[in-house]
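Visitor:
Numbering (the working numbering), first residue to last: 5 to 348.
1) Any idea what DSSP makes of residue 284, helix, strand or coil?
2) Going along the chain, which residues of its own chain have a beta-carbon closer than 7 Å to the beta-carbon of residue 153, five neighbours each way excluded?
3) Which value, in whole angstroms, describes the spacing of the CA atoms of residue 129 and residue 14?
4) If you compare alpha carbons, which of 22, 26, 32 is closest to residue 287?
5) Would you identify the three-state DSSP class for residue 45, choosing helix, strand or coil?
6) Leaving out five residues before and five after residue 328 in sequence, what residues of the same chain have Cβ atoms less than 7 Å from its Cβ?
7) Between residue 93 and residue 21, which are expected to be in contact by the criterion C-beta below 8 Å, what is the C-beta distance as a whole number of angstroms?
8) Would you please state the rounded distance, in angstroms, between the beta carbons of residue 172 and residue 28? I believe it to be under 8 Å.
9) According to DSSP, is residue 246 helix, strand or coil?
10) Contact between the stretch 44–64 and the stretch 102–115: three or more CB pairs below 8 Å?
11) Indicate the three-state DSSP secondary structure (helix, strand or coil) for residue 200 in the structure shown.
12) Distance check for residue 89 and residue 170, CA to CA, integer angstroms please.
13) Assign residue 262 to buried or exposed, taking buried as 16 or more other Cβ atoms, counted over all protein chains shown, within 10 Å of its Cβ.
14) Applying the 10 Å Cβ sphere with the 16-neighbour rule, what's the burial state of residue 246?
15) Kindly list the residues whose CB is nearer than 6 Å to the CB of residue 236, restricted to its own chain and excluding five residues on each side of it in sequence; keep chain order.
16) For residue 119, count the other beta carbons within 10 Å of its own beta carbon; 16 or more makes it buried, fewer makes it exposed. Which is it?
17) According to DSSP, is residue 259 helix, strand or coil?
18) Distance, Cα to Cα, residue 123 vs residue 134?
19) Should residue 321 and residue 65 be called a contact, given that it needs their Cβ atoms to be closer than 8 Å?
20) Take residue 159 and list the residues in its own chain whose beta-carbon comes closer than 7 Å to its own, dropping the five residues that flank it on each side.
21) For residue 181, which of 82, 16, 227 has the nearest alpha-carbon?
22) Looking only at its chain, what residues have a beta carbon closer than 7 Å to the beta carbon of residue 352, apart from the 5 residues adjacent to it on each side?
23) Assuming residue 228 is part of the alpha helix (DSSP H), what are its boundary residues?
24) For my contact list, residue 323 and residue 256 are in at a C-beta cut-off of 8 Å; report their separation, rounded to the angstrom.
25) How about the stretch 228–242 and the stretch 262–274: do they share at least three Cβ pairs that are nearer than 8 Å?
26) My assumption, with CB atoms under 8 Å, is that residue 105 sits in contact with residue 125. Please give the rounded CB distance.
27) Residue 108 and residue 53 look like a contact to me (Cβ under 8 Å); what is the Cβ gap, rounded to whole Å?
28) Could you tell me if residue 297 is buried or exposed, where buried requires 16 or more neighbouring beta carbons within 10 angstroms of its beta carbon?
29) So the candidates are 225, 259, 78, 224; which of them puts its Cα closest to the Cα of residue 179?
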(Lines of atoms letter the chains of each structure in order from A; the text may use other names.)
(Lines give C-alpha, C1' and ligand atoms only; values in the text may rest on other atoms or scores of the structure.)
Protein backbone atom coordinates (compact mmCIF):
# COMPACT_ATOMS: atom_id res chain seq x y z
CA UNK A 5 0.00 0.00 0.00
CA UNK A 6 1.34 3.51 -0.78
CA UNK A 7 2.47 5.74 2.06
CA UNK A 8 0.04 8.42 0.91
CA UNK A 9 -2.57 8.67 -1.80
CA UNK A 10 -2.58 11.14 -4.66
CA UNK A 11 -6.33 10.82 -5.17
CA UNK A 12 -7.55 14.38 -5.45
CA UNK A 13 -11.02 13.47 -4.22
CA UNK A 14 -9.97 11.79 -0.97
CA UNK A 15 -10.32 14.93 1.15
CA UNK A 16 -13.72 15.65 -0.39
CA UNK A 17 -14.81 12.10 0.44
CA UNK A 18 -13.66 12.47 4.05
CA UNK A 19 -15.44 15.83 4.41
CA UNK A 20 -18.59 14.24 2.98
CA UNK A 21 -18.33 11.44 5.56
CA UNK A 22 -17.71 13.94 8.37
CA UNK A 23 -20.94 15.73 7.46
CA UNK A 24 -22.70 12.69 8.93
CA UNK A 25 -22.25 14.23 12.37
CA UNK A 26 -23.97 17.44 11.25
CA UNK A 27 -26.83 15.57 9.59
CA UNK A 28 -27.53 13.46 12.68
CA UNK A 29 -27.12 16.42 15.06
CA UNK A 30 -29.69 18.40 13.09
CA UNK A 31 -32.21 15.63 13.81
CA UNK A 32 -32.01 16.34 17.55
CA UNK A 33 -33.14 19.36 19.52
CA UNK A 34 -35.00 20.97 16.63
CA UNK A 35 -37.44 18.04 16.47
CA UNK A 36 -38.13 17.55 20.19
CA UNK A 37 -41.53 19.33 20.16
CA UNK A 38 -42.52 17.48 16.98
CA UNK A 39 -41.51 14.08 18.36
CA UNK A 40 -43.44 14.84 21.55
CA UNK A 41 -46.61 15.45 19.53
CA UNK A 42 -46.21 12.73 16.91
CA UNK A 43 -45.16 9.88 19.22
CA UNK A 44 -47.47 10.93 22.07
CA UNK A 45 -44.96 11.51 24.86
CA UNK A 46 -44.46 14.58 27.03
CA UNK A 47 -41.64 16.98 26.24
CA UNK A 48 -39.46 15.84 29.16
CA UNK A 49 -39.62 12.27 27.85
CA UNK A 50 -38.99 13.43 24.29
CA UNK A 51 -35.75 15.03 25.51
CA UNK A 52 -34.38 11.51 25.81
CA UNK A 53 -33.95 11.51 22.04
CA UNK A 54 -31.09 13.94 22.76
CA UNK A 55 -29.84 12.26 25.93
CA UNK A 56 -29.56 8.74 24.52
CA UNK A 57 -27.86 10.03 21.38
CA UNK A 58 -25.30 12.06 23.34
CA UNK A 59 -24.81 9.23 25.82
CA UNK A 60 -23.84 6.74 23.13
CA UNK A 61 -21.71 9.40 21.45
CA UNK A 62 -19.86 10.21 24.67
CA UNK A 63 -19.08 6.52 25.22
CA UNK A 64 -18.17 5.54 21.67
CA UNK A 65 -16.22 8.61 20.51
CA UNK A 66 -13.07 7.95 22.59
CA UNK A 67 -13.27 4.27 21.66
CA UNK A 68 -13.55 5.09 17.95
CA UNK A 69 -10.74 7.61 18.28
CA UNK A 70 -8.51 4.96 19.82
CA UNK A 71 -9.43 2.35 17.21
CA UNK A 72 -8.71 4.85 14.43
CA UNK A 73 -5.06 4.74 15.47
CA UNK A 74 -5.06 1.07 14.49
CA UNK A 75 -4.62 -0.59 11.09
CA UNK A 76 -8.27 -0.88 10.01
CA UNK A 77 -9.35 2.74 9.65
CA UNK A 78 -11.51 2.31 6.55
CA UNK A 79 -13.25 -0.75 8.00
CA UNK A 80 -13.98 1.17 11.21
CA UNK A 81 -15.44 4.09 9.24
CA UNK A 82 -17.62 1.86 7.08
CA UNK A 83 -18.92 -0.19 10.03
CA UNK A 84 -19.75 3.01 11.92
CA UNK A 85 -21.55 4.54 8.94
CA UNK A 86 -23.56 1.36 8.38
CA UNK A 87 -24.59 1.33 12.05
CA UNK A 88 -25.73 4.97 11.84
CA UNK A 89 -27.57 4.16 8.60
CA UNK A 90 -29.41 1.31 10.32
CA UNK A 91 -30.24 3.61 13.24
CA UNK A 92 -31.68 6.20 10.85
CA UNK A 93 -33.91 3.58 9.24
CA UNK A 94 -35.07 2.33 12.65
CA UNK A 95 -35.92 5.88 13.77
CA UNK A 96 -37.70 6.68 10.51
CA UNK A 97 -39.89 3.57 10.66
CA UNK A 98 -40.34 3.45 14.46
CA UNK A 99 -43.90 2.50 15.48
CA UNK A 100 -43.43 3.93 18.98
CA UNK A 101 -41.10 6.07 21.06
CA UNK A 102 -39.14 3.14 22.51
CA UNK A 103 -38.11 1.87 19.08
CA UNK A 104 -37.39 5.45 18.04
CA UNK A 105 -34.93 5.78 20.95
CA UNK A 106 -33.13 2.63 19.80
CA UNK A 107 -32.61 4.26 16.42
CA UNK A 108 -31.36 7.47 18.03
CA UNK A 109 -28.96 5.46 20.18
CA UNK A 110 -27.44 3.82 17.10
CA UNK A 111 -27.09 7.24 15.52
CA UNK A 112 -24.89 8.26 18.46
CA UNK A 113 -21.88 6.75 16.70
CA UNK A 114 -21.96 9.78 14.41
CA UNK A 115 -20.02 11.82 16.98
CA UNK A 116 -16.99 9.60 16.47
CA UNK A 117 -16.92 9.94 12.69
CA UNK A 118 -14.84 13.14 12.61
CA UNK A 119 -11.91 11.69 14.63
CA UNK A 120 -11.83 8.70 12.28
CA UNK A 121 -11.79 10.91 9.18
CA UNK A 122 -9.01 13.01 10.71
CA UNK A 123 -6.98 9.85 11.32
CA UNK A 124 -7.48 8.86 7.67
CA UNK A 125 -6.50 12.34 6.49
CA UNK A 126 -3.37 12.33 8.63
CA UNK A 127 -2.41 8.92 7.26
CA UNK A 128 -3.15 9.20 3.55
CA UNK A 129 -3.09 12.86 2.51
CA UNK A 130 0.12 14.27 1.09
CA UNK A 131 2.19 16.47 3.37
CA UNK A 132 1.19 19.70 1.65
CA UNK A 133 -2.51 18.90 2.09
CA UNK A 134 -2.70 17.27 5.50
CA UNK A 135 -2.86 20.46 7.63
CA UNK A 136 -5.50 22.03 5.40
CA UNK A 137 -7.43 18.75 5.41
CA UNK A 138 -7.45 18.37 9.19
CA UNK A 139 -8.50 21.99 9.75
CA UNK A 140 -11.31 21.59 7.22
CA UNK A 141 -12.54 18.38 8.85
CA UNK A 142 -12.43 20.02 12.28
CA UNK A 143 -15.06 22.62 11.34
CA UNK A 144 -17.17 20.35 9.15
CA UNK A 145 -19.76 19.67 11.85
CA UNK A 146 -20.28 23.32 12.76
CA UNK A 147 -20.41 24.38 9.13
CA UNK A 148 -22.70 21.51 8.20
CA UNK A 149 -25.17 22.38 10.94
CA UNK A 150 -25.95 25.60 9.10
CA UNK A 151 -27.25 23.49 6.22
CA UNK A 152 -28.53 20.54 8.25
CA UNK A 153 -30.82 22.47 10.57
CA UNK A 154 -32.69 24.43 7.86
CA UNK A 155 -32.99 21.30 5.72
CA UNK A 156 -34.33 19.26 8.64
CA UNK A 157 -36.81 22.00 9.50
CA UNK A 158 -38.06 22.23 5.92
CA UNK A 159 -38.41 18.46 5.46
CA UNK A 160 -40.05 17.89 8.85
CA UNK A 161 -42.45 20.79 8.41
CA UNK A 162 -43.53 19.96 4.86
CA UNK A 163 -43.33 16.15 4.83
CA UNK A 164 -43.18 15.04 8.48
CA UNK A 165 -40.34 14.18 10.84
CA UNK A 166 -40.02 10.64 9.45
CA UNK A 167 -39.02 12.00 6.05
CA UNK A 168 -36.15 13.89 7.70
CA UNK A 169 -34.83 10.57 9.04
CA UNK A 170 -35.35 8.88 5.67
CA UNK A 171 -33.31 11.68 4.12
CA UNK A 172 -30.55 10.99 6.66
CA UNK A 173 -30.66 7.31 5.67
CA UNK A 174 -30.34 8.26 2.00
CA UNK A 175 -27.42 10.57 2.77
CA UNK A 176 -25.67 7.83 4.73
CA UNK A 177 -26.19 5.35 1.90
CA UNK A 178 -24.36 7.67 -0.48
CA UNK A 179 -21.68 8.27 2.17
CA UNK A 180 -21.02 4.53 2.51
CA UNK A 181 -20.67 4.23 -1.26
CA UNK A 182 -18.31 7.22 -1.47
CA UNK A 183 -16.08 5.95 1.36
CA UNK A 184 -16.04 2.43 -0.06
CA UNK A 185 -15.06 3.73 -3.48
CA UNK A 186 -12.55 6.48 -2.63
CA UNK A 187 -10.79 5.72 0.69
CA UNK A 188 -7.73 3.45 0.24
CA UNK A 189 -8.28 -0.26 0.95
CA UNK A 190 -6.34 -2.64 3.11
CA UNK A 191 -4.77 -2.36 6.56
CA UNK A 192 -2.53 0.53 7.49
CA UNK A 193 0.86 -1.13 7.76
CA UNK A 194 2.31 1.86 9.60
CA UNK A 195 -0.23 1.69 12.43
CA UNK A 196 1.02 0.12 15.66
CA UNK A 197 -0.61 -3.08 16.96
CA UNK A 198 -1.60 -2.38 20.54
CA UNK A 199 -3.73 -4.07 23.16
CA UNK A 200 -7.13 -2.43 23.45
CA UNK A 201 -7.80 -0.92 26.88
CA UNK A 202 -11.08 -2.69 27.74
CA UNK A 203 -11.18 -1.67 31.44
CA UNK A 204 -10.55 1.95 30.48
CA UNK A 205 -13.34 1.88 27.90
CA UNK A 206 -15.82 0.42 30.39
CA UNK A 207 -14.91 2.86 33.15
CA UNK A 208 -15.05 6.00 31.00
CA UNK A 209 -18.33 4.79 29.53
CA UNK A 210 -19.88 4.33 32.97
CA UNK A 211 -18.51 7.64 34.25
CA UNK A 212 -19.68 9.68 31.27
CA UNK A 213 -23.06 7.94 31.32
CA UNK A 214 -23.59 8.86 34.98
CA UNK A 215 -22.49 12.45 34.36
CA UNK A 216 -24.72 12.89 31.31
CA UNK A 217 -27.77 11.46 33.06
CA UNK A 218 -27.23 13.80 36.01
CA UNK A 219 -26.87 16.85 33.76
CA UNK A 220 -29.78 16.00 31.47
CA UNK A 221 -32.22 14.90 34.18
CA UNK A 222 -31.16 17.29 36.94
CA UNK A 223 -33.73 19.94 36.02
CA UNK A 224 -36.54 17.38 36.09
CA UNK A 225 -35.46 15.55 39.24
CA UNK A 226 -34.29 18.71 41.00
CA UNK A 227 -30.62 19.66 41.29
CA UNK A 228 -30.57 18.84 45.00
CA UNK A 229 -32.51 15.58 44.74
CA UNK A 230 -30.80 12.37 45.94
CA UNK A 231 -30.87 10.92 42.42
CA UNK A 232 -29.10 13.91 40.85
CA UNK A 233 -26.51 14.19 43.60
CA UNK A 234 -25.99 10.43 43.53
CA UNK A 235 -25.30 10.38 39.80
CA UNK A 236 -22.89 13.32 40.10
CA UNK A 237 -21.01 11.60 42.92
CA UNK A 238 -20.92 8.32 41.00
CA UNK A 239 -19.59 10.10 37.92
CA UNK A 240 -16.89 11.84 39.95
CA UNK A 241 -15.76 8.63 41.65
CA UNK A 242 -15.75 6.54 38.48
CA UNK A 243 -13.94 9.13 36.37
CA UNK A 244 -11.37 9.72 39.13
CA UNK A 245 -10.73 5.98 39.33
CA UNK A 246 -10.54 5.83 35.54
CA UNK A 247 -7.92 8.59 35.38
CA UNK A 248 -5.77 6.79 37.96
CA UNK A 249 -6.03 3.53 36.03
CA UNK A 250 -5.21 5.23 32.72
CA UNK A 251 -2.06 6.82 34.16
CA UNK A 252 -0.81 3.32 35.04
CA UNK A 253 -1.85 1.55 31.83
CA UNK A 254 0.84 1.11 29.14
CA UNK A 255 -1.67 1.31 26.27
CA UNK A 256 -4.33 3.60 27.71
CA UNK A 257 -7.54 4.39 25.85
CA UNK A 258 -6.72 8.09 26.34
CA UNK A 259 -3.13 8.98 27.18
CA UNK A 260 -3.60 11.44 30.03
CA UNK A 261 0.16 11.86 30.34
CA UNK A 262 0.19 14.23 27.37
CA UNK A 263 -1.78 16.71 29.50
CA UNK A 264 1.45 17.40 31.36
CA UNK A 265 2.39 19.41 28.30
CA UNK A 266 1.03 22.91 28.91
CA UNK A 267 0.17 23.56 25.26
CA UNK A 268 -1.80 20.31 25.01
CA UNK A 269 -3.62 21.06 28.25
CA UNK A 270 -4.59 24.56 27.11
CA UNK A 271 -5.71 23.32 23.69
CA UNK A 272 -7.87 20.53 25.11
CA UNK A 273 -9.31 22.70 27.86
CA UNK A 274 -10.22 25.39 25.36
CA UNK A 275 -11.79 22.86 23.00
CA UNK A 276 -13.93 21.43 25.81
CA UNK A 277 -15.01 24.85 27.03
CA UNK A 278 -15.84 26.23 23.59
CA UNK A 279 -17.55 22.99 22.59
CA UNK A 280 -19.77 23.12 25.66
CA UNK A 281 -20.53 26.79 25.03
CA UNK A 282 -21.51 26.05 21.44
CA UNK A 283 -23.80 23.18 22.41
CA UNK A 284 -25.50 25.25 25.11
CA UNK A 285 -25.96 28.14 22.69
CA UNK A 286 -27.49 25.83 20.09
CA UNK A 287 -29.91 24.46 22.68
CA UNK A 288 -30.91 27.93 23.85
CA UNK A 289 -31.34 29.22 20.29
CA UNK A 290 -33.56 26.28 19.39
CA UNK A 291 -35.61 26.75 22.57
CA UNK A 292 -36.10 30.48 22.01
CA UNK A 293 -36.90 30.01 18.32
CA UNK A 294 -39.73 27.50 18.88
CA UNK A 295 -41.15 28.60 22.24
CA UNK A 296 -44.45 30.53 22.15
CA UNK A 297 -44.39 34.28 22.73
CA UNK A 298 -46.47 33.77 25.88
CA UNK A 299 -43.35 32.49 27.64
CA UNK A 300 -41.85 35.96 27.50
CA UNK A 301 -38.71 34.81 25.69
CA UNK A 302 -39.93 32.74 22.75
CA UNK A 303 -40.41 34.04 19.22
CA UNK A 304 -42.69 31.20 18.06
CA UNK A 305 -40.99 30.46 14.77
CA UNK A 306 -42.55 27.61 12.79
CA UNK A 307 -40.38 24.54 12.31
CA UNK A 308 -39.79 25.57 8.69
CA UNK A 309 -37.93 28.73 9.78
CA UNK A 310 -36.52 27.62 13.14
CA UNK A 311 -33.66 25.75 11.49
CA UNK A 312 -32.37 28.90 9.82
CA UNK A 313 -31.41 30.28 13.25
CA UNK A 314 -28.25 28.13 13.02
CA UNK A 315 -27.20 29.50 9.62
CA UNK A 316 -25.10 32.46 10.95
CA UNK A 317 -23.07 30.03 13.11
CA UNK A 318 -22.31 27.93 10.07
CA UNK A 319 -21.26 30.91 7.95
CA UNK A 320 -19.09 32.28 10.76
CA UNK A 321 -17.34 28.94 11.32
CA UNK A 322 -16.66 28.49 7.62
CA UNK A 323 -15.25 32.00 7.31
CA UNK A 324 -13.19 31.76 10.50
CA UNK A 325 -11.52 28.57 9.28
CA UNK A 326 -10.26 30.42 6.20
CA UNK A 327 -9.45 33.64 8.03
CA UNK A 328 -7.36 32.01 10.75
CA UNK A 329 -5.03 30.33 8.26
CA UNK A 330 -4.32 33.70 6.66
CA UNK A 331 -4.07 35.64 9.94
CA UNK A 332 -1.69 33.05 11.43
CA UNK A 333 1.03 34.36 9.11
CA UNK A 334 1.12 37.63 11.09
CA UNK A 335 -0.53 36.86 14.45
CA UNK A 336 0.46 34.22 17.00
CA UNK A 337 -1.94 31.27 17.30
CA UNK A 338 -2.30 31.84 21.05
CA UNK A 339 -3.50 35.40 20.35
CA UNK A 340 -5.95 34.16 17.73
CA UNK A 341 -7.24 31.58 20.19
CA UNK A 342 -7.86 34.26 22.82
CA UNK A 343 -9.63 36.48 20.28
CA UNK A 344 -11.81 33.62 19.11
CA UNK A 345 -12.71 32.58 22.65
CA UNK A 346 -13.55 36.18 23.49
CA UNK A 347 -15.91 36.44 20.52
CA UNK A 348 -17.65 33.22 21.54
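C-beta atoms are modelled at their ideal positions from N, C-alpha and C, and glycine is treated no differently.
Guide: From the atom records:
1) helix
2) 30, 34, 311, 314
3) 8 Å
4) 32
5) coil
6) 340
7) Contact doesn't hold; Cβ gap of about 18 Å is too wide.
8) 7 Å
9) helix
10) yes
11) coil
12) 10 Å
13) exposed
14) buried
15) 218
16) buried
17) coil
18) 10 Å
19) no
20) 167, 168, 171
21) 82
22) No statement about residue 352 is possible, as the shown extent of the chain runs from 5 to 348 and does not include it.
23) First-last for residue 228: undefined, no H or E at that position.
24) Rounded, the Cβ-Cβ distance is 37 Å, inconsistent with contact.
25) no
26) Contact flag wrong, Cβ pair sits at about 33 Å.
27) 5 Å
28) exposed
29) 78
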